[in-house]
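Since the structure comes first, as structure tokens, the remarks are kept for the end.
Numbering (this note's numbering), first residue to last: 24 to 159.
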């Protein structure tokens with residue numbers, strides 16, 4: 024009785040196909056992980072995120088990276104805390120790598136530095152006035 028007789032042949036073919044499929048999935052996962060580590064970018068749900076969390080690069084320049092959980096707010100776009108954002112402590116990053124940005128929090132416009140921490144309470148409105156910002 025051989026391995027490829029008429030009774031075991033369908034099971035053998037299915038087993039070989041399953042092994043090839045599992046190996047190809049494993050190779051794909053390894054290649055994706057290596058590529059993610061090499062580029063510093065990961066993709067989830069069609070959105071690209073940076074794996075780097077530093078707000079300054081090695082030369083001391085501002086580093087505008089978009090990480091998972093960050094909120095990008097466009098210039099003159101108003102978000103309401105409690106509705107669009109959760110209340111709490113955020114780090115404000117300038118998206119264009121400038122040192123400062125003007126942001127309206129509540130009624131008043133104030134100049135904030137890249138990397139400055141802000142506390143947002145419930146029902147507060149936040150609007151970037153002079154450039155896009157990232158809240159981390």
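Just so it is clear, CB atoms sit at the ideal spot from N, CA and C, and this is done for glycine as well.
Consult DSSP for residue 52 and reduce its assignment to one of helix, strand or coil.
Within the chain shown, residue 52 is the residue found at index 29, counting from 1. In this structure, residue 52 counts as helix in the three-state DSSP scheme.
On the premise that residue 102 lies in contact with residue 157, defined as a C-beta separation below 8 Å, what is that separation, rounded to the nearest angstrom?
For this step, residue 157 is matched to residue 134 along the chain shown. For this step, residue 102 is matched to residue 79 along the chain shown. Going by Cβ atoms, the distance from residue 157 to residue 102 rounds to 12 Å, so no, they are not a contact pair.
Between which two residues does the beta strand (DSSP E) containing residue 197 stretch?
Because residue 197 is not part of the residues shown, which for the chain are 24 to 159, the question remains open.
Does residue 53 pass the burial test, meaning 16 or more other C-beta atoms within 10 Å, or should it be called exposed?
For this step, residue 53 is matched to residue 30 along the chain shown. Exposed is the call here.
For the region 133-140 against the region 107-121, do three or more pairs of beta-carbon atoms, one drawn from each stretch, fall closer than 8 Å, so that the two count as touching?
yes
Answer yes or no: do residue 104 and residue 132 have a C-beta to C-beta separation smaller than 7 Å?
As a first step, residue 104 is located in the chain shown; it is residue number 81 there, counting from the start. As a first step, residue 132 is located in the chain shown; it is residue number 109 there, counting from the start. No, the Cβ-Cβ distance between residue 104 and residue 132 is not below 7 Å.
Flag this pair as yes or no: are the beta carbons of residue 150 and residue 127 separated by less than 7 Å?
For this step, residue 150 is matched to residue 127 along the chain shown. For this step, residue 127 is matched to residue 104 along the chain shown. For residue 150 and residue 127, yes; Cβs fall inside 7 Å.
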